[in-house]
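Going by our numbering, the sequence shown opens with residue 181, and the numbers climb by one from there. Only one structure is covered here, and it is reproduced in the block below.
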Amino acid sequence: MQGKLIAIVGPSGVGKDTVMSELLKNSSEFSLVKRVITRPVQTSNEDHFVVDVESFRSHLECGAFILNWQAHGLHYGITFDAVQPLFKGQNMLINLSRKILEEANSVFENFLVVNLTAPKNVLESRLKARGRETSEQINDRVNRKVSDFPSSIKKFDVSNNRSVAETAKEIKLITEMSGRAYA
Numbered sequence: 181m182q183g184k185l186i187a188i189v190g191p192s193g194v195g196k197d198t199v200m201s202e203l204l205k206n207s208s209e210f211s212l213v214k215r216v217i218t219r220p221v222q223t224s225n226e227d228h229f230v231v232d233v234e235s236f237r238s239h240l241e242c243g244a245f246i247l248n249w250q251a252h253g254l255h256y257g258i259t260f261d262a263v264q265p266l267f268k269g270q271n272m273l274i275n276l277s278r279k280i281l282e283e284a285n286s287v288f289e290n291f292l293v294v295n296l297t298a299p300k301n302v303l304e305s306r307l308k309a310r311g312r313e314t315s316e317q318i319n320d321r322v323n324r325k326v327s328d329f330p331s332s333i334k335k336f337d338v339s340n341n342r343s344v345a346e347t348a349k350e351i352k353l354i355t356e357m358s359g360r361a362y363a
């Protein structure tokens with residue numbers, strides 16, 4: 181019985197890590213897929229393995245990643261070990277880049293996407309508050325054009341312009357309504 185892999189996607193500053201933390205709080209229904217990233221952990225909401233570029237490339241050459249991609253000058257990877265709970269029926273949350281969704285959909289049979297949205301002014305405010313990007317980077321991220329989602333992707337749009345608890349509750353409902361894990 182394979183659990184669901186729920187990809188949480190959306191623009192920078194939309195609150196992906198915050199929403200996932202809320203979903204994981206006091207719940208055994210979900211667990212988190214920890215990514216390998218060539219960026220140090222910068223907030224308490226981020227939970228990933230930190231490696232340098234050389235170590236990342238070594239992992240890649242050894243075939244350690246089931247998925248990997250680059251975004252915003254960083255390398256991201258998902259190890260085979262990180263997704264093992266899926267194959268025991270555990271539903272898992274993952275923060276993914278939109279550009280890797282088609283590949284993830286072909287790798288994982290029980291895959292769905294939650295696309296978090298928020299108005300541009302909210303995104304800009306959140307990015308300024310986290311203090312990780314320059315003004316130019318914030319402007320680029322807020323105004324970045326994104327391509328449409330492939331039609332093969334099971335996607336649900338969820339506004340994160342309200343309390344985190346309300347957003348998490350909607351995602352939990354979507355996960356339940358999208359079908360149970362199956363054998």
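Every residue, glycine too, gets a C-beta built ideally from N, C-alpha and C. This structure is a prediction, so every number in the text was calculated from the model and none was measured.
Next item on the list: May I ask you to list the residues that DSSP assigns as paired with Phe210?
Entry: Position 30 of the sequence shown holds residue 210. Paired residues: Asn271.
Notebook entry, point to check: Taking the C-alpha atoms as reference points, what is the distance between Glu202 and Phe210?
Noted result: On the sequence shown, residue 202 is found 22 positions in, with the first residue counted as 1. On the sequence shown, residue 210 is found 30 positions in, with the first residue counted as 1. Rounded to the nearest angstrom, the two C-alpha atoms are 11 Å apart.
Notebook entry, point to check: Can you list the beta strand (DSSP E) stretches of 3 or more residues lying completely in the stretch 271-332, in chain order?
Noted result: 271-275, 291-297
Next item on the list: Spatial neighbours of Thr314 within its chain, please: CB distance less than 7 Å, with the 5 preceding and 5 following residues excluded, ordered by chain position.
Entry: Along the sequence shown, read from residue 1 onward, the residue named residue 314 stands at position 134. Counting only Cβ-Cβ distances below 7 Å, and skipping sequence neighbours, we find nothing.
Checklist line | CA-to-CA distance, Val231 to Lys335, given in whole angstroms | finding: Translated into positions along the sequence shown, residue 335 becomes position 155. Translated into positions along the sequence shown, residue 231 becomes position 51. Approximately 31 Å, taken between the alpha carbons.
Item checked: According to DSSP, residues forming a beta bridge with Thr259 -> On the sequence shown, position 79 is the one that residue 259 refers to. Answer by DSSP bridge pairing, in chain order: Phe245.
Next item on the list: Measure the Cβ-Cβ separation of Lys214 and Asn271 and say whether it is below 9 Å.
Entry: For the purposes of this step, residue 214 is taken as the residue at position 34 of the sequence shown. For the purposes of this step, residue 271 is taken as the residue at position 91 of the sequence shown. Contact: no.
Check: Any heavy atom of the ligand SAH within a distance shorter than 8 Å of the CB on Glu234?
Finding: No copy of the ligand SAH occurs in the structure displayed, which carries no ligand at all.
Item checked: Cβ shell of Ile258 (< 8 Å), same chain only, five flanking positions each side left out -> Residue mapping note: residue 258 aligns to position 78 of the sequence shown, counting from 1. Counting only Cβ-Cβ distances below 8 Å, and skipping sequence neighbours, we find Val213, Arg215, Val216, Phe245, Ile246, Leu247, Asn248, Ile274.
Checklist line | DSSP three-state assignment for Val189, whether helix, strand or coil | finding: Here residue 189 corresponds to residue number 9 of the sequence shown, with the count starting at 1. Three-state result, Val189: strand.
Next item on the list: With DSSP as the reference, label Asp232 as helix, strand or coil.
Entry: The sequence position of residue 232 within the sequence shown is 52, counting from 1. Here Asp232 sits in coil by DSSP.
Check: Does DSSP classify Val194 as helix, strand or coil?
Finding: Within the sequence shown, numbered from 1, the residue matching residue 194 stands at position 14. In the structure shown, Val194 sits in coil (DSSP, three-state: anything other than H, G, I, E or B).
Item checked: Ser339 in three-state terms, based on DSSP -> Start at 1 with the first residue of the sequence shown, and residue 339 comes out as number 159. Of the three classes helix, strand and coil, the one that applies to Ser339 here is strand, per DSSP.
Check: Between which two residues does the beta strand (DSSP E) harbouring Arg215 extend?
Finding: Translated into positions along the sequence shown, residue 215 becomes position 35. Segment 215-217, the beta strand (DSSP E) holding Arg215.
Next item on the list: Report the option in Gly243, Gln317, Asp337, Val263 whose CA atom is closest to the CA atom of Ala298.
Entry: For the purposes of this step, residue 298 is taken as the residue at position 118 of the sequence shown. The option with the nearest alpha carbon to Ala298 is Asp337.
Item checked: Member of Ile354, Ser277, Gly190, Val194 whose CA lies at the smallest distance from the CA of Ser305 -> In the sequence shown, residue 305 corresponds to position 125, counting from 1. Residue Val194 is the option with its Cα nearest to Ser305.
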